[in-house]
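Report on one structure; see the data block that follows.
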């Protein structure tokens with residue numbers, strides 16, 4: 104197979120998140136987050152891991168940026184830790200927190216790497232969770248206060264802004280399934296959280312527009328196919344519900360300014376307590392965005408299961424499908440399908456792949472190398488699929504590999520390695536993996 108070129112000016116990047124790499128959990132005025140608290144509860148995180156040190160990026164950001172430059176990375180997506188700016192979530196600004204990110208931005212720009220900022224990547228200040236978290240109707244105003252400070256500080260140097268990362272996970276994994284912070288298990292609370300996250304997003308976008316910032320603002324959604332396990336009518340219906348739950352509940356308010364009516368009716372039929380969908384909120388939520396970020400990892404298959412309330416389905420892989428170490432199937436065709444859906448069904452005219460990657464066990468060889476052929480194959484498959492979607496007219500302007508580094512992978516702790524750079528968490532040594540060297544060549548050639 105010959106090389107397939109990507110569009111000129113395509114943004115080749117890598118992505119991280121604050122709690123997953125920074126460490127320095129109690130330094131320079133940083134406040135406690137819901138993840139600091141969540142990690143204290145035995146059984147919440149594999150092996151009792153936490154993000155207190157992680158990749159120690161807070162102290163090593165200069166060498167990390169130098170490594171990115173060495174790898175040829177052109178763009179870097181990272182998140183701001185809300186609790187470094189406002190230790191209690193609001194009130195007095197912590198200048199040392201702003202200083203860290205200002206220094207990081209300068210370091211990136213001096214290295215010729217464009218910064219992409221995510222305002223919220225799940226690490227809510229614990230003090231705000233103590234007054235109800237994102238289920239509190241006041242939370243969007245707290246988020247706006249925080250967003251204003253960050254946008255005002257950096258908007259001249261940063262041109263690309265993302266309000267929220269994967270609001271589905273923040274809402275449902277954190278507040279319904281309890282397998283992420285804050286560890287709540289209440290479906291109605293999760294639906295309420297999903298709504299107020301979006302109100303906060305809308306307020307931040309509105310502020311960005313009214314300020315007249317030079318740049319673009321969008322949101323990152325994890326949209327992935329939910330396919331029926333069999334051709335039985337109950338599995339087909341379950342897959343449609345799963346799609347409404349994961350994809351349409353988050354895409355349609357952004358695109359259309361309304362929630363899918365059949366999901367509202369379904370939730371009501373199950374006794375889910377829904378928020379009041381206010382008209383002024385829906386106008387904020389449905390504002391035109393400059394782009395939408397897509398986090399794509401895999402499609403899943405769905406099987407009807409009435410014992411699972413309220414959705415009535417469970418995830419089950421077909422036999423013999425290749426999977427990674429999290430039992431996630433490798434389904435690169437689903438990336439093409441989702442990108443075409445975003446273009447053709449939703450009319451989204453600019454997309455960035457803000458995350459894509461996979462986790463496999465990695466071993467450092469006697470020669471000091473990490474030969475992660477399975478990860479390289481995964482990336483090759485998905486970049487080939489991405490190029491195919493672009494050839495079919497989807498306007499994708501950049502790709503961010505998840506993740507630059509092995510890091511604290513939420514409830515999986517340090518057991519799950521997504522990086523194209525290996526991290527020895529005892530010594531903090533960084534080793535570029537085979538997949539990282541391969542990705543560098545893709546960037547250099549702008550082709551796969």
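In my numbering, the protein residues as written are 104 to 551.
Note that beta-carbon positions come from the ideal geometry of N, C-alpha and C, so glycine has one too.
Should the region 307-318 be called in touch with the region 262-269, which here means at least 3 C-beta pairs below 8 Å?
yes
Member of 462, 444, 399 and 415 whose CA lies at the smallest distance from the CA of residue 428:
One-based indexing of the chain shown puts residue 428 at position 325. Nearest of 462, 444, 399 and 415 to residue 428, Cα basis: 462.
Residue from 215, 345 and 440 with nearest C-alpha to residue 496
Here the question's residue 496 lines up with position 393 in the chain shown. The shortest C-alpha separation from residue 496 is found at 440.
Are there 16 or more other CB atoms within 10 angstroms of the CB of residue 266, so buried, or fewer, so exposed?
Sequence index remark: in the chain shown, residue 266 carries index 163 (1-based). Looking at its Cβ environment, which holds 16 or more other Cβ atoms inside 10 Å, residue 266 is buried.
Pick from 180, 276, 119 and 473: whose alpha carbon is nearest that of residue 349?
Working through the chain shown from its first residue, we reach residue 349 at position 246. Residue 276 is the option with its Cα nearest to residue 349.
Can you give me the C-alpha to C-alpha distance between residue 539 and residue 551, rounded to a whole angstrom?
Reading the chain shown from its first residue, position 436 is the one you call residue 539. Reading the chain shown from its first residue, position 448 is the one you call residue 551. Those two C-alpha atoms are separated by around 14 Å.
Between the Cα of residue 431 and those of 465, 404 and 501, spot the shortest distance and give me the residue it belongs to.
Position 328 of the chain shown, counted from the start, is the residue given in the question as residue 431. It is 404 whose Cα lies nearest to the Cα of residue 431.
If you follow the beta strand (DSSP E) that residue 404 is in, where does it begin and where does it stop?
What you label residue 404 is simply residue 301 of the chain shown in a count that begins at 1. Segment 403-407, the beta strand (DSSP E) holding residue 404.
Member of 533, 393, 228 and 311 whose CA lies at the smallest distance from the CA of residue 128
Here residue 128 corresponds to residue number 25 of the chain shown, with the count starting at 1. The candidate whose alpha carbon is nearest that of residue 128 is 228.
Any contact of the region 457-473 with the region 417-424, i.e. 3+ C-beta pairs under 8 Å?
no
Residues in the same chain with beta-carbon distance under 7 Å from residue 542, minus the five sequence neighbours each way, listed in chain order, please.
Against the chain shown, residue 542 aligns to sequence position 439. Closer than 7 Å at Cβ, skipping near neighbours: 482, 504 and 523.
For residue 323, the first and last residue of its enclosing beta strand (DSSP E):
For this step, residue 323 is matched to residue 220 along the chain shown. Unbroken beta strand (DSSP E) run through residue 323: 319-324.
Thinking C-beta only, is residue 414 closer than 7 Å to residue 344?
Along the chain shown, one-based indexing puts residue 344 at 241. Along the chain shown, one-based indexing puts residue 414 at 311. Their beta carbons are under 7 Å apart, which means residue 344 touches residue 414 by this criterion.
Have a look at 177, 407 and 232 and flag the residue whose alpha-carbon is nearest the alpha-carbon of residue 339.
By 1-based counting over the chain shown, the position of residue 339 is 236. Of the listed residues, the one whose Cα sits closest to residue 339 is 407.
Environment of residue 218 [buried if 16+ CB atoms lie within 10 Å]:
For the purposes of this step, residue 218 is taken as the residue at position 115 of the chain shown. Buried, by the Cβ-count rule.
Inside the region 207-276 only - beta strand (DSSP E) runs reaching at least 3 residues
Whole beta strand (DSSP E) segments, 3+ residues: 217-223 and 263-268.
Does the beta-carbon distance from residue 513 to residue 283 come in below 7 Å?
As a working note, residue 513 is residue 410 in the chain shown. As a working note, residue 283 is residue 180 in the chain shown. Result yes, Cβ atoms of residue 513 and residue 283 sit closer than 7 Å.
Tell me where the beta strand (DSSP E) around residue 396 begins and ends.
Within the chain shown, numbered from 1, the residue matching residue 396 stands at position 293. In this chain, the beta strand (DSSP E) harbouring residue 396 covers 394-398.
If you run the structure through DSSP and keep just helix, strand and coil, what is residue 502?
Within the chain shown, the letter at position 399 stands for residue 502. Judged by DSSP in its simplified three-state form, residue 502 adopts strand.
What separation, rounded to the nearest whole angstrom, lies between the Cα atoms of residue 156 and residue 184?
On the chain shown, residue 156 is found 53 positions in, with the first residue counted as 1. On the chain shown, residue 184 is found 81 positions in, with the first residue counted as 1. Distance between the alpha carbons of residue 156 and residue 184: 15 Å.
In three-state terms, what does DSSP make of residue 180?
For the purposes of this step, residue 180 is identified with residue 77 of the chain shown, where counting begins at 1. Reduced to three states, the DSSP call for residue 180 is strand.
Please confirm whether residue 537 and residue 479 have their CB atoms less than 7 Å apart.
Residue 537 sits at position 434 when you count from the first residue of the chain shown. Residue 479 sits at position 376 when you count from the first residue of the chain shown. The answer is yes: Cβ separation under 7 Å.
To the nearest angstrom, how far is the alpha carbon of residue 397 from that of residue 124?
Numbered from 1 along the chain shown, position 294 holds the residue referred to as residue 397. Numbered from 1 along the chain shown, position 21 holds the residue referred to as residue 124. So the alpha carbons of these two residues sit roughly 21 Å apart.
Helix, strand or coil for residue 429 per DSSP?
Locating residue 429 in the chain shown gives position 326, counting from the first residue. Residue 429: coil per DSSP, three-state reduction.
What residues match up with residue 473 in a beta bridge as DSSP calls it?
If you number the chain shown from 1, residue 473 lands on position 370. Residue 473 pairs with 467.
Report yes or no: do the region 484-503 and the region 524-534 share at least 3 C-beta pairs separated by less than 8 Å?
no
Range covered by the beta strand (DSSP E) that runs through residue 128
Looking up residue 128 in the chain shown gives position 25. It is not in any beta strand (DSSP E) - residue 128 carries neither H nor E in the DSSP assignment.
Rounded to a whole number of angstroms, what is the C-alpha to C-alpha distance between residue 564 and residue 179?
There is no way to answer for residue 564, as the model of the chain reaches only from 104 to 551.
As assigned by DSSP and simplified to three states, the class of residue 417:
Counting from 1 along the chain shown, the entry for residue 417 is found at position 314. Three-state DSSP puts residue 417 in a strand.
Which of the three DSSP states, helix, strand or coil, is assigned to residue 535?
Counting from one through the chain shown, the residue named residue 535 turns up at place 432. When secondary structure is reduced to three states using DSSP, residue 535 falls in the strand class.
Alpha carbon to alpha carbon, how far is residue 455 from residue 341?
If you number the chain shown from 1, residue 455 lands on position 352. If you number the chain shown from 1, residue 341 lands on position 238. Cα to Cα, the separation comes out at about 29 Å.
Provide the residue span of the alpha helix (DSSP H) that contains residue 356, from first to last.
As a first step, residue 356 is located in the chain shown; it is residue number 253 there, counting from the start. Segment 352-359, the alpha helix (DSSP H) holding residue 356.
With a threshold of 7 Å on Cβ separation, who are the neighbours of residue 199 within its own chain once the five nearest residues in sequence on each side are excluded?
Locating residue 199 in the chain shown gives position 96, counting from the first residue. Here the set comprises 131 and 132.
Can residue 141 and residue 286 be called in contact, C-beta distance under 7 Å?
To locate residue 141, count along the chain shown from 1; it is residue 38. To locate residue 286, count along the chain shown from 1; it is residue 183. Cβ distance < 7 Å, so residue 141 and residue 286 count as in contact.
Identify whether residue 412 lies in helix, strand or coil by the three-state DSSP scheme.
Numbered from its first residue, the chain shown carries residue 412 at position 309. If DSSP states are grouped into helix, strand and coil, residue 412 belongs with coil.
Please tell me whether residue 191 and residue 134 are closer than 7 Å, where the distance is taken between their beta carbons.
One-based indexing of the chain shown puts residue 191 at position 88. One-based indexing of the chain shown puts residue 134 at position 31. Contact flag set, yes.
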